[in-house]
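Engineer: Residue numbering for the sequence shown follows our numbering, beginning at 253 and increasing consecutively. C-beta: ideal position from N, C-alpha, C; glycine also. I am attaching a structure below and will ask some questions about it afterwards.
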Amino acid sequence: MTVSDQSPVQQVEAAREAFEREFERFARFTGAAASTTDLSLKDAEAEQRALAELRAKHTGKKSALAACKKLIGRVAPGERASFGQLVQRTDVGINESIENADQRLKSIIESARTERDSIDVTIPGRRPRPGHLHPITLMRQRIDDIFVSLGYIVEDDREIETDFYNFDALNIPEGHPARDPQDTFYTTEGFALRSQTSTVQIHAMQRRGAPVRMIAPGRVFRRDTPDPTHNPMFFQVEGLCVDRGITMAHLKGTLSEFVHRLFGPATETRFRPSYFPFTEPSAEVDYSCFNCAGKGCRICKHSGWIELGGSGMVHPNVLRAANIDPDEFTGFAFGLGIDRTCARIYQLDDIRLLFENDVRFLEQFR
Ligand code: DAH
């Protein structure tokens, strides 16, 4: 049976039934029993689109309902009024059902969007995880602070050097045995990574002349095989004080004040005669162990003393290399290992821990 075989009333009925069959899945969005709040925003939007298609199909220009409307003029005049009313009722019924479902879907979508876009002010905040300073930096800052308070300036100088600054100007001429333990890394252009911060003594004196009081913390490099107490890159802090009438007493006073501030006022110092080409006389400086106060423990290897670094009175040749008259000016200098001191304070068995950048280790210094 084709559509044209049906009576006009049957055609209206068929159009309504076809609509109702397809509308059944949207029935849950109409009436008081509409229980659809568990619908996700995405699903509700998909349903809305499907409903719009359904509306076009069953109420549009090419719909069966539209065809029925055209039939009104063709039915017998006696049946026209009642047929017209039937078409009208069906049209209103279909449109109302669609409209109800559409309204309901709209409100579901709107509240889902509101919920999505709203901020729950009761959710605990995400804790920021700020970084922190490296233990060597912390150590360096403590050293800087002490010397700045004693009137020293902090110099930050180059790490790539010429032989002149790393050796010659420091009274270590070519062929001098003191060059051997400080073998370093050379570039093909004749530059080298500095093997000691003593280079900054020369730069500072050339730049500033005398008098001068400076410290120079920084990286130094040597051709060393890494082991628990060595690393090819490490940190030193150089100190230099040049003025008229500077004596060994100033050197001793300054370094003992330094260890008092770093480790406490009871800390003692000990100066052992030594040799450095750029100082005369020279001395190694020790301080009494901060842990056992000199009695002897694991940290000071049971000697009661810990080595701080080298020091001495600036050699006249070094002053001359920087165009300072050794007859007018004298000075003292010292060089300390920052990471070595750091390793002692934190009781690290292996200095390489400081350079591995393992956050599990570093986090302990937060
Ligand atoms: N530059 C020396 C080194 O790396 C340390 C040093 C010793 C520095 C004595 C000085 C000093 O200024 O007077 O081993």
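1. Buried or exposed for Met-253, going by 16 or more other Cβ atoms inside 10 Å?
2. Using 8 Å as the cut-off, classify the Cβ of Val-511 as near or not near the heavy atoms of the ligand DAH, replying yes or no.
3. Pull up the distance between the alpha-carbon of Asp-601 and that of Ile-558, whole angstroms please.
4. Where do the N-terminal and C-terminal ends of the beta strand (DSSP E) with Leu-560 fall, by residue?
5. Once you ignore the five residues that flank Val-452 on each side, which residues in its own chain have a CB closer than 7 Å to its CB?
6. Mind checking Thr-366: buried by the 16 CB within 10 Å criterion, or exposed?
7. How is Arg-301 classed by DSSP in three states: helix, strand or coil?
8. For Met-253, does the three-state DSSP call read helix, strand or coil?
9. What distance in whole Å lies between the Cβ atoms of Ser-447 and Arg-465, which are believed to be in contact at a cut-off of 8 Å?
10. Suppose you measure from the CA of Ile-346 to the CA of Lys-321; what does that come to, to the nearest Å?
11. To which residues of the same chain is Arg-612 closer than 6 Å at the C-beta, ignoring the five residues directly before and after it?
12. Could you check what DSSP says for Glu-244 in three-state terms: helix, strand or coil?
13. What whole-angstrom Cβ distance do Phe-281 and Leu-338 have, given they're in contact under 8 Å?
14. Excluding the 5 residues preceding and the 5 following Arg-394 in the sequence, name in chain order all residues of the same chain whose CB lies nearer than 7 Å to its CB.
15. If you run the structure through DSSP and keep just helix, strand and coil, what is Phe-581?
16. In this structure, how does DSSP classify Gln-458 when only helix, strand and coil are distinguished?
17. Is the beta carbon of Gln-434 less than 9 Å from the beta carbon of Asn-423?
18. So what does DSSP say about Tyr-417, is it helix, strand or coil?
19. Does the Cβ-Cβ distance between Gln-599 and Ile-551 come in under 9 Å?
20. Suppose contacts are defined by Cβ-Cβ distances below 9 Å. Is Ser-526 in contact with Cys-541 by that definition?
21. What are the complete alpha helix (DSSP H) segments, minimum 4 residues, inside the region 314–341?
22. Does DSSP classify Arg-550 as helix, strand or coil?
Structural biologist: Based on what the coordinates show:
1. Here residue 253 refers to the residue found at position 1 of the sequence shown. Caution applies to Met-253, whose pLDDT of 47 falls short of 50 and renders its modelled position unreliable; the model cannot decide the point.
2. As a working note, residue 511 is residue 259 in the sequence shown. Answer for Val-511: no, Cβ out of range of the ligand DAH.
3. Indexing the sequence shown from 1 puts residue 601 at position 349. Indexing the sequence shown from 1 puts residue 558 at position 306. Straight-line Cα distance between these residues: approximately 15 Å.
4. Position 308 of the sequence shown holds residue 560. 557–566 is the extent of the beta strand (DSSP E) around Leu-560.
5. Walking along the sequence shown from the start, residue 452 turns up at place 200. Only Glu-407, Asp-409, Ala-468 and Glu-490 meet the Cβ criterion.
6. On the sequence shown, residue 366 is found 114 positions in, with the first residue counted as 1. Flag for Thr-366 reads exposed.
7. Along the sequence shown, one-based indexing puts residue 301 at 49. The answer is helix: DSSP assigns Arg-301 an H, G or I state.
8. Indexing the sequence shown from 1 puts residue 253 at position 1. Residue confidence is low: Met-253 scores 47 on pLDDT, short of 50, so the model does not pin down where it sits. No coordinate-derived value is stated.
9. Reading the sequence shown from its first residue, position 213 is the one you call residue 465. Reading the sequence shown from its first residue, position 195 is the one you call residue 447. With 8 Å as the limit, Arg-465 and Ser-447 do not qualify as a contact, their Cβ atoms being about 24 Å apart.
10. Here residue 346 is taken as the residue at index 94 of the sequence shown, counted from 1. Here residue 321 is taken as the residue at index 69 of the sequence shown, counted from 1. About 14 Å.
11. On the sequence shown, position 360 is the one that residue 612 refers to. So no residue of the chain qualifies.
12. The requested residue 244 does not occur in the structure, where the chain is confined to residues 253 to 618.
13. Here residue 281 refers to the residue found at position 29 when the sequence shown is read from its first residue. Here residue 338 refers to the residue found at position 86 when the sequence shown is read from its first residue. Actually they are not in contact, since the Cβ atoms of Phe-281 and Leu-338 sit about 26 Å apart, beyond 8 Å.
14. Walking along the sequence shown from the start, residue 394 turns up at place 142. Correct list, in chain order: Leu-514.
15. By 1-based counting over the sequence shown, the position of residue 581 is 329. In the structure shown, Phe-581 sits in coil (DSSP, three-state: anything other than H, G, I, E or B).
16. Residue 458 sits at position 206 when you count from the first residue of the sequence shown. In this structure, Gln-458 counts as helix in the three-state DSSP scheme.
17. Position 182 of the sequence shown holds residue 434. Position 171 of the sequence shown holds residue 423. Going by C-beta atoms, Gln-434 is not nearer than 9 Å to Asn-423.
18. Counting from one through the sequence shown, the residue named residue 417 turns up at place 165. Note: Tyr-417 maps to helix in three-state DSSP.
19. By one-based count along the sequence shown, residue 599 stands at place 347. By one-based count along the sequence shown, residue 551 stands at place 299. Yes; because the gap between Cβ atoms is below 9 Å, this pair is in contact.
20. Numbered from 1 along the sequence shown, position 274 holds the residue referred to as residue 526. Numbered from 1 along the sequence shown, position 289 holds the residue referred to as residue 541. No.
21. 316–323
22. Translated into positions along the sequence shown, residue 550 becomes position 298. Arg-550: coil per DSSP, three-state reduction.
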